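Colleague: Protein chains in written order, with my numbering: chain U, 21 to 201; chain Z, 23 to 441.
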Amino acid sequence: MSDHTHGHTGTHEAHDHHEHHQSFWSKYVFSTDHKMISKQFLVTAIVMALLAMFMSVIFRLQLGWPDHKFPILEKFIGSWGKGGKLDPNFYLALVTIHGTIMVFFVLTGGLSGTFSNLLIPLQVGARDMASGFLNMLSYWFFFASCMVMTAAAGYARLRIGNDVVVGEHGLVHRFSIARRN
Amino acid sequence: MTLWLVSMVLFIGSALLGGINYVVTVLNLRTKGMSMTRLPLTVWAFTITAILGILSFPVLFAAALLLLFDRSFGTSFYLSDIYINGAPLHYSGGSPILFQHLFWFLGHPEVYIVLLPALGLASEIISTQSRKPIFGYKAMIGSMLVIAFLSFVVWGHHMFITGMNPFLGSVFVFTTLLVAIPSAVKVFNYLATLWKANIVYSPAILFAIGLVSFFISGGLTGIILGDSALDINVHDTYFVVAHFHIVMGSSAIFGMFAGIYHWFPRMFGRMMNRKLGYLHFWLTILSVYGTFFPMHFIGLAGVPRRYYANTAYEGFSGIININSLISVFAILGAFAQLIFVINFFYSMYRGKKAVQNPWKSNTLEWTAPVEHVHGNWPGEIPTVYRWPYDYGKPGAEDDFIPQTVPYSQTKSSNLEGEE
Ligand code: HEM
Ligand SMILES: [Cu+2]
Numbered sequence: 021m022s023d024h025t026h027g028h029t030g031t032h033e034a035h036d037h038h039e040h041h042q043s044f045w046s047k048y049v050f051s052t053d054h055k056m057i058s059k060q061f062l063v064t065a066i067v068m069a070l071l072a073m074f075m076s077v078i079f080r081l082q083l084g085w086p087d088h089k090f091p092i093l094e095k096f097i098g099s100w101g102k103g104g105k106l107d108p109n110f111y112l113a114l115v116t117i118h119g120t121i122m123v124f125f126v127l128t129g130g131l132s133g134t135f136s137n138l139l140i141p142l143q144v145g146a147r148d149m150a151s152g153f154l155n156m157l158s159y160w161f162f163f164a165s166c167m168v169m170t171a172a173a174g175y176a177r178l179r180i181g182n183d184v185v186v187g188e189h190g191l192v193h194r195f196s197i198a199r200r201n
Numbered sequence: 023m024t025l026w027l028v029s030m031v032l033f034i035g036s037a038l039l040g041g042i043n044y045v046v047t048v049l050n051l052r053t054k055g056m057s058m059t060r061l062p063l064t065v066w067a068f069t070i071t072a073i074l075g076i077l078s079f080p081v082l083f084a085a086a087l088l089l090l091f092d093r094s095f096g097t098s099f100y101l102s103d104i105y106i107n108g109a110p111l112h113y114s115g116g117s118p119i120l121f122q123h124l125f126w127f128l129g130h131p132e133v134y135i136v137l138l139p140a141l142g143l144a145s146e147i148i149s150t151q152s153r154k155p156i157f158g159y160k161a162m163i164g165s166m167l168v169i170a171f172l173s174f175v176v177w178g179h180h181m182f183i184t185g186m187n188p189f190l191g192s193v194f195v196f197t198t199l200l201v202a203i204p205s206a207v208k209v210f211n212y213l214a215t216l217w218k219a220n221i222v223y224s225p226a227i228l229f230a231i232g233l234v235s236f237f238i239s240g241g242l243t244g245i246i247l248g249d250s251a252l253d254i255n256v257h258d259t260y261f262v263v264a265h266f267h268i269v270m271g272s273s274a275i276f277g278m279f280a281g282i283y284h285w286f287p288r289m290f291g292r293m294m295n296r297k298l299g300y301l302h303f304w305l306t307i308l309s310v311y312g313t314f315f316p317m318h319f320i321g322l323a324g325v326p327r328r329y330y331a332n333t334a335y336e337g338f339s340g341i342i343n344i345n346s347l348i349s350v351f352a353i354l355g356a357f358a359q360l361i362f363v364i365n366f367f368y369s370m371y372r373g374k375k376a377v378q379n380p381w382k383s384n385t386l387e388w389t390a391p392v393e394h395v396h397g398n399w400p401g402e403i404p405t406v407y408r409w410p411y412d413y414g415k416p417g418a419e420d421d422f423i424p425q426t427v428p429y430s431q432t433k434s435s436n437l438e439g440e441e
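1) Would you say residue 185 (chain Z) lies against chain U (beta-carbon separation less than 8 Å)?
2) Using a Cβ distance threshold of 8 Å, determine whether the segment 405-415 of chain Z contacts the segment 46-64 of chain Z, with at least three qualifying pairs required.
3) Name the DSSP bridge partner or partners of residue 375 (chain Z)?
4) Who's in the neighbourhood of ligand 2, going by beta-carbon under 6 Å from any heavy atom, listed in chain order?
5) Measuring only the C-alpha atoms, how far is residue 210 (chain U) from residue 121 (chain Z)?
6) Along the segment 235-253 of chain Z, where does the CB come closer than 9 Å to a CB of chain U? Name the residues.
7) Would you tell me roughly how many angstroms separate the C-alpha atoms of residue 227 (chain Z) and residue 208 (chain Z), rounded to the nearest one?
8) Rounding to the nearest angstrom, what Cα-Cα distance links residue 78 (chain Z) and residue 225 (chain Z) in this structure?
9) Can you tell which of Z:427, Z:40 and Z:369 has its C-alpha closest to the C-alpha of residue 156 (chain U)?
10) Distance cutoff 8 Å, beta carbons only. Does residue 103 (chain U) sit that close to anything in chain Z?
11) Give the residues from the segment 375-399 of chain Z that approach chain A closer than 7 Å (Cβ to any Cβ), ordered along the chain.
12) State the CB to CB distance for the pair residue 326 (chain Z) and residue 259 (chain Z), rounded to an integer number of angstroms; the pair is presumed to be in contact (CB under 8 Å).
13) Looking only at its own chain, which residues have a Cβ that is under 6 Å from the Cβ of residue 352 (chain Z), when we skip the five neighbours before and after it?
14) Taking the C-alpha atoms as reference points, what is the distance between residue 257 (chain Z) and residue 182 (chain Z)?
15) Identify, in the order they occur along the chain, each residue of the same chain with its Cβ nearer than 6 Å to the Cβ of residue 232 (chain Z), setting aside the five sequence neighbours on each side.
16) Look at the alpha carbon of residue 438 (chain Z) and the alpha carbon of residue 50 (chain Z), and state the distance between them as a whole number of angstroms.
17) If you draw a straight line from the C-alpha of residue 283 (chain Z) to the C-alpha of residue 381 (chain Z), how long is it?
18) When the Cα atoms are used, what is the spatial distance from residue 75 (chain Z) to residue 120 (chain U)?
19) CA-CA distance, residue 180 (chain U) and residue 109 (chain U)?
20) Buried or exposed for residue 112 (chain Z), going by 16 or more other Cβ atoms inside 10 Å?
21) Hey, does residue 91 (chain U) have any beta-carbon neighbour from chain Z nearer than 8 Å?
22) Distance check for residue 133 (chain Z) and residue 341 (chain Z), CA to CA, integer angstroms please.
23) For residue 59 (chain U), return the contacting residues in chain Z, with the cut-off set at a CB-CB distance below 7 Å.
24) Is residue 422 (chain Z) helix, strand or coil when you go by DSSP?
25) Using the C-alpha atoms, what's the distance from residue 266 (chain Z) back to residue 61 (chain U)?
26) What is the DSSP secondary structure of residue 389 (chain Z), counted as helix, strand or coil?
27) Can you tell me which of the three DSSP states residue 52 (chain U) falls into?
28) At 7 Å on the CB atoms, spell out the chain U contacts of residue 96 (chain Z), in chain order.
29) Starting from residue 118 (chain Z), find everything on chain U with Cβ-Cβ shorter than 7 Å and list it in chain order.
30) In three-state DSSP terms, what is residue 326 (chain Z)?
31) Using a Cβ cut-off of 8 Å (strictly closer), state whether residue 46 (chain U) contacts chain Z.
32) Taking C-beta pairs closer than 9 Å, name the residues in chain Z that residue 84 (chain U) reaches, listed in chain order.
33) Helix, strand or coil: which one does DSSP assign to residue 368 (chain Z)?
34) For a quick check, are the C-beta atoms of residue 361 (chain Z) and residue 302 (chain Z) less than 8 Å apart?
35) So residue 36 (chain Z) contacts chain U; which residues on that side make the cut at Cβ distance below 9 Å?
36) Does the CB of residue 55 (chain U) have a neighbour CB from chain Z at under 8 Å?
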C-alpha cells in the first residue's frame, strides 16, 4: 500500500476502512488495538508526569527559599501550605509520591506501555499483541493505580490538614473535611 | 500509605499483564524472515525489559502485600517487637531489613526496566539519523543481556550501611562494578555510530544524544556510589539525588522524549513542530544539568536528602544560595515542559500531515499506512529479508534499504554471503 491520505480530515484518528461504525466507547475506552492502547498509556503518563513535576516545583520552592513565605501555595494546595509555608509532613509525602509517580507511572508504565505497545507488533510484523484483551486489562490496571496514587496524595492532605489545625481556630471546619475520608 | 500500597499492587498487575504479552508476541508472532538477529534493537530492549519486570515485580508484590498485612492485620514480618498498651506481643523474628532486601531486589532491576527501553529507542534513532548502521549490533544485544543478568545480583549496593555483613558488601561492590563493562560497551557503540556521521538533525536525535550524555555523566558517579568505602560517605545525601536523577531519571525521560518526537508521525499521522522541539531540548538539557549538577557538590558537603529544610545547621548556611540556584533551574525546566505539552497536543490535531516514512527508516512500522487500520497492514504482512540497519551501505542506490527489500534487488551493494 502506498502512502496515501484519504479524506478523513478533522480528527487525528484515522478511521478504520473496514469498520466504520465504532462508537466512542469501543474506540477509545474498550480498545484492544495496540496502537490505541499505546496512545492511552502515553497521554496518561504525560498527565501524571505534569502532576509529579508540579510537586517537584512546590518542594523546590521550599528547599530554595526555606525562610520565605509563598502565599500562592495556599491557592494550590490549601491547608498543606498554610500561610505560604509548606507543611513538613506533607513535604515528605510529596517527595515520596513524586518519586513513585516518576519512576513507576511515567518511566515504567508510561515508557514501556507506550513504546512496547506501539512498536513490538509493528516492528516484528504482527497484526496485534498476542492477547489484545490482556493488553486492554494492562492499561486499565495502570489507569486504576494512577487514580489510587493520586488519591493517596489527596488523602495525605486531609490527614495532615487535620493534624496541623488541631488546637487552632479552624478546628471544626478542618475536622469536617478530614472526616469525609 | 495504605493507598500507596494498593496502588502499587494494581500497578504490578498491569506491569505483569503487559510484560507477558510483550514477550509472547516477540517470541511467537514474528513475520516471515524476522529472525531474532534481524529484530531492531528497540524490540530486543523491550523484550529484555519485560523479562526483567516479570522476574522482579512479583517480589515487590510480595513485599507490598506483607507490609499491608503488617500495617492492617497485626502481623510482624517487618517488625521485631510490637508493643500494644506498653506490653510487647509474643511475636518475634520480624525484621525491617527484610523489607529493604525485598524492595531493592526489585529496586535495582527496576532502574534497568526504566533505562533499557530508553536505550533501545536511542539505538534506533541514533542509527537512523546518523544514516549509519548501529555499531556493534550483537554487542548491543549481548550487553543488554549481561546488564539484565547482573541487575539481579547487585541490590546490596543500596544497603551498605544497613548493618549488612561487610564481607557481603564487598561482594556487592564487585558485582556492581562489573556492570560498568557492558554499560561502557553500549556507550562506546553509540559514540562509534555517531562518529563522523552525517547526522540528520531532528529533535529526536538531540534527545537521544542527550541521553548518551546523561548515561556517561551519571554513570561515572555510579562507580563512586557502587564502591562501599566511598558510598558510606555520601549515602543519603544529595550526591545520590544527583546521581539517580541524571542517570535514570533524565536519561530515561530523554529517551522517552526522543521516542515521542521520532514516532509521533507513526502514532498520530502528523508531525510535531521542529522549532519548538529544538527549543524544548535546549531549555531542558540546560535546566537538567543546572538542577542536578550542583547537587553533587552540596551532597559532598554532607547535605542529607529528604530534609524539609537545612536551616538548623550552621555548617549548611553556605549552601543556601546553591539551593536557590537549583530551584531557579528546576522552575525553568518545568516551564520548558509546557512547550512540549503545547507542541504535543497542538500537533495531534493541527500538525503538518506526515508522509509514510518521514525519517527514511528501514524498519517495518514505516511500511504500514499512515492511517491506522486494525491488523496494521491492509494486505499481507510484509516479509523480512535483512537486518534493520542497512543505512549508507556502500554501493547501494539509496542511503537506506528497508527490511522488506530482498538481496536479489540490491546486487550492487550485497556483501559476501548476502544473496
Ligand atoms: C522535574 C524535574 C525534577 C526535579 C526538580 C526533582 C527534584 C527532586 C528532589 C530535590 C528530590 C529529593 C528531595 C529530598 O530528598 O528531600 C527528589 C526525589 C526523587 N525524585 Fe525527583 N525531581 C525531578 C524529576 C524526577 C524524575 C524524572 C524522576 C524519575 C526517575 C524522579 C525520581 C525521584 C525519586 C525516586 C526521588 C526519591 C524519593 C524519595 O526519596 O522517597 N524525579 N526529586
Ligand atoms: Cu541499584
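We put the beta carbon where it would ideally sit given N, CA and C, even for glycine. It should be emphasised that the depicted structure is a prediction, and the values quoted were computed from it without experimental measurement.
Modeller: Looking at the atomic coordinates:
1) no
2) yes
3) Z:292
4) Z:130, Z:133, Z:176, Z:179 and Z:180
5) Residue 210 (chain U) lies beyond the range of chain U shown here (21 to 201); nothing can be said about it.
6) none
7) 17 Å
8) 34 Å
9) Z:40
10) no
11) Looking for chain A here will not work: the only protein chains present are U and Z.
12) 6 Å
13) 313
14) 9 Å
15) 276 and 307
16) 30 Å
17) 11 Å
18) 16 Å
19) With a pLDDT of 49 at residue 180 (chain U), under the threshold of 50, the modelled position of that residue is not reliable, and the figure given next carries that caveat. Whole-angstrom Cα-Cα distance: 7 Å.
20) exposed
21) no
22) 30 Å
23) 289
24) strand
25) 24 Å
26) helix
27) coil
28) Residues of chain U passing the Cβ test: none, with the nearest at roughly 21 Å.
29) None at all; the shortest Cβ gap to chain U is about 17 Å.
30) strand
31) no
32) 342, 345, 346, 347, 348, 349, 350, 352 and 353
33) helix
34) yes
35) 129, 133, 157, 158, 159, 160, 161, 162, 163, 164 and 165
36) yes
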